[in-house]
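Residue numbers (the numbering used here): 67 to 503.
The structure is reproduced here in structure tokens:
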């Protein structure tokens with residue numbers, strides 16, 4: 067049974083700005099006037115381009131390609147001048163900030179990188195950006211992942227998917243988000259790239275690209291934190307109490323799509339079923355295709371131990387995860403994975419694929435068990451080991467000093483902010499030379 071607990075209005079730009087103001091962040095009044103234009107632009111992109119129905123045939127796919135190219139030609143770089151002029155005006159006039167030390171983009175989107183670099187050039191300052199996800203992928207990775215997810219696991223028609231892949235690659239070629247990074251570098255102000263893990267750098271190839279151009283690269287530690295409700299579980303007494311209430315079931319929660327391992331879940335669950343274990347699935351499906359395929363596989367394989375609880379409010383979700391012994395996480399695509407971080411705070415073992423993001427952030431932690439990507443058999447074996455582990459061993463691994471230090475480091479957003487500031491200041495020192503990460 068699916069539950070739709072989602073308040074669309076809670077995530078509007080205006081509400082986010084008001085929340086920032088409540089946290090004593092200065093928001094110039096003129097910015098609210100510009101928000102409406104940005105929201106209209108986003109609505110246009112989502113409605114006309116991003117969610118254009120490729121399944122309607124070749125002509126619809128070609129229209130998607132044409133609209134996508136036109137959007138990026140007419141809006142993407144053209145609006146950089148207008149937006150940066152606006153930003154410069156409210157920075158200098160509305161809040162009187164005349165002494166700017168640097169320009170920092172906390173997102174990897176090509177548009178924010180291009181705009182940030184332009185602004186840095188305007189103020190004659192250095193520009194830095196943070197990669198929270200990969201801004202783009204190599205053609206090789208794009209083809210490999212798309213083929214694997216949609217042909218092998220989802221069993222889509224080969225001819226249909228090859229046509230779709232051709233259109234998407236062609237569209238990506240014309241849009242070429244890497245141009246924004248080249249543009250930023252051409253302004254001679256691009257000084258550093260921070261990343262939440264090694265994954266965005268490896269997947270995009272920006273580590274090599276940056277080193278060749280004299281742009282410093284650093285991995286941020288810690289790069290993320292958890293809700294204040296979870297931070298208290300770094301205390302040993304609270305963790306022991308949490309562990310004492312664990313039940314013998316596994317959980318999988320994430321954005322439910324094939325890249326997060328959704329299609330492997332029925333196969334994993336079926337093998338767990340033989341040992342009497344239940345696997346709970348929580349979250350919202352990204353698209354109808356993955357949803358239909360997931361339930362179809364469950365039906366074909368006669369999987370009876372999967373319980374889909376839908377999208378849950380935060381408190382309900384955390385309560386459920388706190389009772390589970392293990393998070394099953396067969397994700398193929400991640401940059402950091404807050405899901406894993408939350409599950410660790412809530413006393414779960416984590417069994418995941420050894421992809422770059424997971425190894426970079428969580429490798430070496432006792433409660434995190436990594437297996438080879440796509441090896442469902444090895445994953446099931448590791449899940450069973452964690453479900454059958456004695457409570458004494460359970461406590462020993464979850465109270466390991468190195469692991470507790472990791473949790474403490476990631477228990478406060480203040481630590482994240484401090485790490486960002488210190489990393490940027492270190493990169494700004496004149497003695498710095500390019501170093502490989």
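Positions of the beta carbon are idealized from the N, C-alpha and C atoms, including for glycine.
Count the other CB atoms, across all protein chains shown, that sit within 10 Å of the CB of residue 489; report buried if there are 16 or more and exposed otherwise.
buried
So residue 373 is in the beta strand (DSSP E); what residue range does that whole segment cover?
372-376
Tell me the DSSP secondary structure of residue 483 in three-state form.
helix
Given 8 Å, three or more beta-carbon pairs between the stretch 412-424 and the stretch 347-356:
At 8 Å Cβ cutoff, the stretches do not touch.
Skipping 5 residues on each side, what residues in its chain have a beta carbon closer than 8 Å to that of residue 292?
404, 407, 408, 411, 476 and 477
Bridge partners of residue 168, per DSSP?
192
Limits of the unbroken beta strand (DSSP E) element including residue 284:
For residue 284, the enclosing beta strand (DSSP E) covers residues 282-285.
Going by the DSSP bridge assignment, what does residue 317 pair with across the sheet?
In DSSP, residue 317 forms a bridge with 346 and 393.
Is the beta carbon of residue 375 less than 8 Å from the beta carbon of residue 335?
no
Beta-carbon proximity of residue 318 to residue 331, cut-off 8 Å:
Yes, they are a contact pair.
Count the other C-beta atoms from every protein chain shown that fall within 10 angstroms of the C-beta of residue 390, then say buried if there are 16 or more, exposed otherwise.
Label assigned to residue 390: buried.
The stretch 368-384 / the stretch 395-404 touching (three or more Cβ pairs under 8 Å)
Result no; under three Cβ-Cβ pairs closer than 8 Å.
Pair within 8 Å by beta-carbon distance, residue 264 and residue 397:
no
I need the DSSP call for residue 416, collapsed to helix, strand or coil.
strand
Cβ shell of residue 452 (< 8 Å), same chain only, five flanking positions each side left out:
Result list for residue 452: 391, 392, 415, 417 and 435, in chain order.
In or out: residue 127 buried (at least 16 other Cβ within 10 Å) or exposed?
Per-residue confidence for residue 127 stands at a pLDDT of 48, beneath the threshold of 50, marking its modelled position as unreliable; the derived number appears in the next sentence. Flag for residue 127 reads buried.
Cutting at 8 Å between CB atoms, please list the residues of its own chain near residue 345, excluding the five before and the five after it.
315, 316, 317, 318, 331, 334, 335, 338, 371, 372, 373 and 394
Beta carbon of residue 350 nearer than 8 Å to that of residue 322
Against a cut-off of 8 Å, the Cβ pair of residue 322 and residue 350 comes out as a contact.
Note down the Cα distance separating residue 444 from residue 325, rounded to an integer number of angstroms.
19 Å
Whether residue 305 touches residue 465 by CB criterion (8 Å):
yes
Is the beta carbon of residue 187 less than 8 Å from the beta carbon of residue 166?
no
Pairwise C-alpha distance: residue 480 and residue 367:
47 Å
Out of 310, 261 and 267, which has the shortest C-alpha to C-alpha gap to residue 288?
261
Note down, in chain order, each residue of its chain lying with its Cβ closer than 8 Å to the Cβ of residue 298, except the 5 sequence neighbours on either side.
304
Taking DSSP as the reference, what is the three-state secondary structure of residue 430?
coil
Taking the alpha carbon of residue 310 as the point to measure from, which residue in 81, 474, 462 and 84 has its own alpha carbon closest?
Of the candidates 81, 474, 462 and 84, 462 places its Cα closest to the Cα of residue 310.
For residue 575, I'd like the list of residues in its chain whose CB is within less than 8 Å of its CB, leaving aside the five on either flank, ordered along the chain.
The first residue shown for the chain is 67 and the last is 503, placing residue 575 beyond what the model contains.
On the DSSP bridge assignment, give the partners of residue 261 in chain order.
Answer is 197 and 285.
Identify which residue in 459, 82 and 446 has its Cα closest to the Cα of residue 343.
Proximity to residue 343 across 459, 82 and 446 peaks at 446, based on C-alpha coordinates.
Residue 468 versus residue 440: straight-line alpha-carbon distance, rounded:
29 Å
Please go through the same chain and pick out, in chain order, the residues whose beta-carbon is closer than 8 Å to the beta-carbon of residue 369, but skip the five residues on each side of it.
332, 335, 336, 339 and 363
Do you know how far the Cα of residue 385 is from the Cα of residue 294?
So the two alpha carbons sit approximately 15 Å from each other.
Considering only C-alpha positions, which residue in the set 300, 486 and 80 is nearest to residue 286?
Answer by Cα proximity: 486.
Where does residue 491 land, buried or exposed, given buried means 16+ other C-beta within 10 angstroms?
exposed
Proximity test, Cβ basis, 8 Å: residue 196 and chain C
Absent here is chain C; the protein component of the structure consists of one chain.
DSSP on residue 82, reduced to helix/strand/coil?
In this structure, residue 82 counts as helix in the three-state DSSP scheme.
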